[in-house]
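Shown next, in structure tokens, is the structure this report addresses.
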Amino acid sequence: MWSSLTNGSIRILRCCVTRRPTVPSQLSRFLALHLLENTVPYNTMSSSFSSFAHSNRSGGRGQDMKHDRERSRGRGGGGSKDKIDALGRLLTRILRHMATELNLNMRSDGYVKVEDLLKLNMKTFANIPLRSHTVDDIKEAVRKDNKQRFSLLEENGELLIRANQGHTVTTVESERLLKQIVSADEVQFCVHGTYKRNLESILESGLKRMERLHVHFSSGLPTDGEVISGMRRDVNVLIYLDVRKALEEGMKLYISDNKVILTEGFDGVLASKEKIEKERARIADELNRGYFDDMSELKQHVVRLHWQIIF
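Using our numbering, the first residue of the sequence shown is number 4, and each one after it goes up by one.
See below:
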């Protein structure tokens, strides 16, 4: 079933897929959604995401925490891989969320001294004191992080580290931490991944940054080998942002060093002010009946999207 939400600049199409697309009629729905949004490359709208999402049933943050616990079991004197992985996860937590409560001197661009980090009285998930780690361990954790969550900086003979995005600490400033996007041509693809259980709330009150400083968007899908951060691998709802229209409306967009697209929205929200209208289900019916000879004909029936939702 498809439905539509519109309030002038915002329009949402909703498509529910219950199994892996295997027949042309199902694939055409993805094609239609692609062509309605000029900023979304067609090859990302293949069956790969649908099959991927349905094979990775959503567990959300809780599922990730479960995996963390499983990886951490028996680590007390574990191998170097577990030791470095656990260190990286603690660094993420500290640099994104805990600098203020730990009295770390964090700059407005997010950097702290590695020397100060290694003085903290904390243990990693491998039950190893942070103080027992070395600068080389920090460098290895940064190098091995597959989502490139960190940046290192040598300045005045000192080594500094920061998290590239995901902050809740208000010390950091967007303009100092991130690069501002000034043209839609800088962004080929901008998508937010979430879960079906969150969809009604999003449609009702908009995308919110919650405790973080920004709403996060990825520059691709979990199935895209070039995408390294910005979206959990088990999401089953995709929300595409029309970057050009967002910029025209005055929304500030940024991109991090690890290619995550971020925005504060307006007062922390990317708002949708009306509930779903149900009468637009006819579009899906017309597609299934082959009403449109080609996608350019379909585009004449629907205005350019601001948001696009697929699940």
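Every residue, glycine too, gets a C-beta built ideally from N, C-alpha and C. Small disclaimer: the values here were computed from a predicted structure and weren't measured.
Beta-bridge pairing of valine 115 - partner residues as DSSP gives them: Ile164
Closest to glutamate 252 by CA distance: which of Phe269, Leu241, Leu98 and Phe153 is it? Closest in alpha carbon position to glutamate 252, among Phe269, Leu241, Leu98 and Phe153, is Phe269.
Taking its Cβ as the centre, do 16 or more other Cβ atoms sit within 10 Å of valine 185, making it buried, or is it exposed? exposed
C-alpha gap between phenylalanine 188 and histidine 195, whole angstroms: The question names phenylalanine, yet the displayed sequence has aspartate at residue 188. Near 19 Å, if we compare the C-alpha coordinates of histidine 195 and aspartate 188.
Return the chain-ordered list of same chain residues with a C-beta closer than 6 Å to the C-beta of methionine 1, the five sequence neighbours on each side being excluded. Here the chain comprises residues numbered 4 to 314, so residue 1 is not present and cannot be evaluated.
How would you write the range of the alpha helix (DSSP H) that glutamate 178 sits in, first residue to last? From DSSP, the alpha helix (DSSP H) with glutamate 178 extends over 177-180.
Mind checking which residues open and close the alpha helix (DSSP H) that includes valine 246? It spans 246-251 - the alpha helix (DSSP H) in which valine 246 sits, taken as one unbroken run.
Suppose the cutoff is 6 Å on Cβ atoms and the five residues either side in sequence are ignored; what does the same chain contact list for glutamate 158 look like? none
Measure from the alpha carbon of glycine 271 to the alpha carbon of each residue in Tyr257, Gly209 and Ile258, then state which is nearest. The residue with the shortest Cα to Cα distance from glycine 271 is Gly209.
Would you kindly report the start and end of the unbroken alpha helix (DSSP H) that includes valine 145? 138-147
Kindly indicate which three-state DSSP category glycine 223 falls into: helix, strand or coil? coil
Let me make sure I understand the geometry here. Which of Glu161, Phe153 and Arg92 has the alpha-carbon closest to that of glutamine 168? Phe153
Do you know how far the Cα of arginine 247 is from the Cα of leucine 273? 15 Å
Check whether the Cβ atoms of phenylalanine 128 and alanine 89 sit closer than 7 Å, and answer yes or no. The Cβ atoms of phenylalanine 128 and alanine 89 sit closer than 7 Å to each other.
With H, G and I counted as helix, E and B as strand and the rest as coil, what does DSSP make of isoleucine 97? helix
If you draw a straight line from the alpha carbon of histidine 217 to that of cysteine 193, how long is it in whole angstroms? Whole-angstrom Cα-Cα distance: 14 Å.
Give me the residue from Asp245, Gly233 and Ser204 with the minimum Cα distance to glutamine 191. It is Asp245.
Helix, strand or coil at isoleucine 87 according to DSSP, with G and I counted as helix: helix
Rounded straight-line distance, which links the Cα of glutamate 176 to that of valine 145: 22 Å
Determine which residues share a DSSP beta bridge with valine 194 and list them. Ser221 and Tyr243
Please classify leucine 206: does DSSP put it in a helix, a strand, or coil? helix
Candidates Ser221, Arg179, Ile242 and His170, of which the one nearest leucine 202 by Cα: Of the residues Ser221, Arg179, Ile242 and His170, the one whose Cα lies closest to the Cα of leucine 202 is Ile242.
Hey, how far is the Cα of valine 117 from the Cα of methionine 213? Rounded to whole angstroms, valine 117 to methionine 213 spans 29 Å at the Cα level.
Rounded distance between the beta-carbons of leucine 133 and lysine 126, thought under 8 Å: 7 Å
If you drop the 5 nearest sequence neighbours on each side, which residues of the same chain put their C-beta closer than 6 Å to that of valine 26? Low confidence applies to valine 26: its pLDDT is 31, below 50, so where it sits in the model is not reliable, and the reading given next is rough at best. Cβ within range, chain order: n/a, list empty.
Cβ-based neighbour list, leucine 121, same chain, cut-off 8 Å, excluding 5 preceding and 5 following: Leu133, Arg134, His136, Thr137, Val138 and Ile141
Taking the beta strand (DSSP E) that serine 186 falls in, what are its first and last residues? No beta strand (DSSP E) contains serine 186, which DSSP labels as neither H nor E.
Aspartate 237 - DSSP class collapsed to helix/strand/coil: coil
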